[in-house]
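A.B. asks: In case it helps, our numbering puts the sequence shown at residues 71 to 164.
Where is the CB? At the ideal position from N, CA and C, for every residue including glycine.
The structure is given below, and queries will be raised subsequently.
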Amino acid sequence: MDVERGASEALEHSDLIDRLASIEHERWAHWQRYVHDQCERLEDGSLVIPADLVARWEHQIATPYMDLSEAEKESDRDQVRRYLPVIAEACGSR
71 MDVERGASEA
81 LEHSDLIDRL
91 ASIEHERWAH
101 WQRYVHDQCE
111 RLEDGSLVIP
121 ADLVARWEHQ
131 IATPYMDLSE
141 AEKESDRDQV
151 RRYLPVIAEA
161 CGSR
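Shown next as structure tokens:
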């Protein structure tokens, strides 16, 4: 299939890997800023995550995607949408 071959070829190019890695880093940094903003910073620089957030995130971690709430699924979809233009361009340009 042409699309599959194009995707395979695209993934072999370091430029695509770097572009996707850049998006991933931005996503990760945004998440870390959010997490840090929710925490209490102690004198030694360590962070304490509020118990309610720990419980919520542990529940989400243990929940398969298909069992997430629609709002949680949409949040994940929003993150994936950041990658799609780069992937589409890479697959279409081959």
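With burial defined as no fewer than 16 other Cβ atoms inside 10 Å of the residue's Cβ, what is the status of alanine 141: buried or exposed?
C.D. replies: Locating residue 141 in the sequence shown gives position 71, where the first residue counts as 1. The residue in question, alanine 141, is exposed, as its Cβ has fewer than 16 Cβ neighbours within 10 Å.
A.B. asks: For a quick check, are the C-beta atoms of glutamine 149 and arginine 97 less than 8 Å apart?
C.D. replies: On the sequence shown, residue 149 is found 79 positions in, with the first residue counted as 1. On the sequence shown, residue 97 is found 27 positions in, with the first residue counted as 1. Result yes, Cβ atoms of glutamine 149 and arginine 97 sit closer than 8 Å.
A.B. asks: With leucine 90 and tyrosine 153 assumed to form a contact (beta carbons below 8 Å), what rounded beta-carbon distance in angstroms separates them?
C.D. replies: For the purposes of this step, residue 90 is identified with residue 20 of the sequence shown, where counting begins at 1. For the purposes of this step, residue 153 is identified with residue 83 of the sequence shown, where counting begins at 1. Sure, about 6 Å apart at Cβ, within 8 Å.
A.B. asks: Go through its chain and collect everything with a Cβ distance to leucine 123's Cβ below 7 Å, but skip five positions before and after it.
C.D. replies: As a working note, residue 123 is residue 53 in the sequence shown. Gln108.
A.B. asks: Of all the alpha helix (DSSP H) runs that stay within the bounds of the segment 99-152, which reach a length of 4 or more residues?
C.D. replies: Correct list: 121-132 and 140-151.
A.B. asks: Do valine 118 and glutamate 110 have their CB atoms nearer than 8 Å?
C.D. replies: Walking along the sequence shown from the start, residue 118 turns up at place 48. Walking along the sequence shown from the start, residue 110 turns up at place 40. Going by C-beta atoms, valine 118 is nearer than 8 Å to glutamate 110.
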